[in-house]
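Chains as they are written, first to last, in this note's numbering: chain S, 1 to 217; chain R, 1001 to 1217.
Backbone N, C-alpha and C define an ideal beta-carbon position, used for all residues, glycine too.
Please read the structure below before turning to the comments.
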DNA sequence: ATTAAAATTTAGGCAAATCTAAAAATATAT
DNA sequence: ATATATTTTTAGATTTGCCTAAATTTTAAT
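The structure is reproduced here in structure tokens:
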């Protein structure tokens, strides 16, 4: 399996959540910063290797084998992110690019031992679940902050947007995984929220509130 | 810099020790399990990027810039080997293949932090020196075991052959870095040696004795 | 000093992964 | 329902890194 093939599998896996019955060629092209024609080429190649099910004009679907491969890559990606943050002093907004490289390293023993070394973490630094060896992915109980009503509170458990811009914005505002957040007020006009984090009040935009995952308490 | 280019630089760097005035095309081809014509192609490409100095039929020579790059890759390779052995329970005969992959990961911070995390190791699990950030490589005081005379003794400080066959042979015979070895007898007929390691006598072949580095005490 | 052998380079091709431009199929809008 | 717009696919090129086979250069041998 080539690096490029692995990246396609991973991307399609993520997009399947949004596009249940076939991921459009264009969606893949956009996500991978490439052209639709290149995507068609690759989909065909992956289909020939039985990693995908391909019917012309019907969008991309992973085969069971393709999905298994995709999950392995995601497992590696997230374990490496843990390593970078827990052991090498990376901040959560710095890990993505490096993990994108590390996820392609091929060695069963490496991942087994890395998992053990990190003491079998359940989630990565962004709160996303780490698939287990058998490819099982735990479902994390969560809802977007924007859904909560005035007076409700919860613990921050993840982000929907892992861009460093958003993560740095959270850092700047003292919001991190594990922090308790209470809704003080909701502004209907622009969906912004007044929240309280560790006793400090602040306002966050509707967009930000839609990218923060909370577990209600 | 592509993966393939990096592998050429690294290989040529290592071969330059043996071929001081130009590494023959064939030597590179042999080492990289490829064909001489492919090597010529690549040498030209590297020369165009000023990573090598190329004159037809004169063999390959690294430029200063090429040598700097090669050393960076070797630094990364050896640091990752330390990581695998010290932190992930790899044996010294299992690390090479994985380190060959890891050495191509691109991130300054990653290597800086890995070095710190490992507490700035001086040598890798085979006793080879780890180049520092500026590309300086310490010279390790050593000689091959085969050179020692009857009655002399030394500490094992490295291996010339890192094949897993040889390393496993050493494991099996209780020879490892740091062990004290004393020459009990030399057999002129086949250059084999009778040595003593931790009080136990054993015979090793001339070939093995030529691949073990010793520091005299 | 020729000639034979070995090493190196050139020429021409191939596969992976991408691109642009054009063609074909599907979706949308009136 | 038909025309228009959008999406997807095909066709044909390009680049990287490799190959084989043939030509060229260097080295070694007599």
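When the beta-carbon positions are compared, residue 62 of chain S and residue 28 of chain S stay at least 8 Å from each other. Taken atom to atom, the span from the alpha-carbon of residue 6 of chain S to that of residue 76 of chain S is near 12 Å. Distance from the CA atom of residue 1144 of chain R to the CA atom of residue 1123 of chain R, rounded to whole angstroms, is 18 Å.
From the beta-carbon of residue 1113 of chain R, the residues of chain S found nearer than 9 Å are 84, 87, 88, 89, 90. The three-state secondary structure of residue 1196 of chain R, taken from DSSP, is strand. Residue 1017 of chain R and residue 55 of chain S have their C-alpha atoms spaced approximately 56 Å apart.
Chain S places no beta carbon closer than 8 Å to that of residue 1133 of chain R, leaving this residue out of the contacts. Counting C-beta pairs with one atom in each stretch, the region 1097-1115 of chain R and the region 1172-1183 of chain R have fewer than three that are closer than 8 Å, which means they do not touch. Listed in chain order, the positions of the region 1188-1209 of chain R with a beta carbon within less than 7 Å of a beta carbon of chain S would be empty, since no residue qualifies. The Cβ atoms of residue 154 of chain S and residue 128 of chain S do not sit closer than 8 Å to each other. Straight-line spacing of the CA atoms in residue 1130 of chain R and residue 92 of chain S works out to 29 Å. Distances from the CA of residue 1072 of chain R to each of R/1047, R/1150, R/1009 were compared; the closest alpha carbon is that of R/1009. Under DSSP, residue 53 of chain S forms a beta bridge with S/61. The beta carbons of residue 1115 of chain R and residue 1079 of chain R sit about 6 Å from each other, so the pair counts as a contact at 8 Å.
Secondary structure note for residue 1187 of chain R: it is in no beta strand (DSSP E), with a DSSP letter that is neither H nor E. Taking a C-beta cut-off of 9 Å against chain S, the contacting residues of the region 1092-1110 of chain R are 1094, 1097, 1098, 1101, 1102, 1104, 1105, 1106, 1107, 1109, 1110, listed in chain order. Under a criterion of Cβ atoms nearer than 9 Å, the residues of chain R adjacent to residue 117 of chain S are, in order, 1087, 1088, 1089.
Looking at the backbone, the Cα of residue 41 of chain S and that of residue 74 of chain S are separated by about 23 Å. In the structure shown, residue 178 of chain S adopts coil according to DSSP, grouped into three states.
Residue 1086 of chain R is positioned such that its CB atom lies closer than 8 Å to that of residue 1118 of chain R.
Secondary structure note for residue 8 of chain S: its alpha helix (DSSP H) is the uninterrupted segment 3-16. Looking from the CA of residue 1186 of chain R, the closest CA among R/1168, R/1152, R/1200 belongs to R/1152.
For residue 1213 of chain R, the secondary structure class from DSSP, reduced to helix, strand or coil, is strand. When only Cα atoms are considered, residue 1164 of chain R and residue 1 of chain S end up about 26 Å apart.
By the 16-neighbour rule on beta-carbons within 10 angstroms, residue 1126 of chain R is buried. Annotation: residue 95 of chain S to residue 1099 of chain R spans about 20 Å, alpha carbon to alpha carbon. Looking at the DSSP output, residue 1129 of chain R bridges to R/1123. The Cβ atoms of residue 1197 of chain R and residue 1174 of chain R lie closer than 8 Å to each other. Taking the Cα of residue 203 of chain S as reference, the smallest distance to any Cα among S/216, S/52, S/169, S/21 is reached at S/169.
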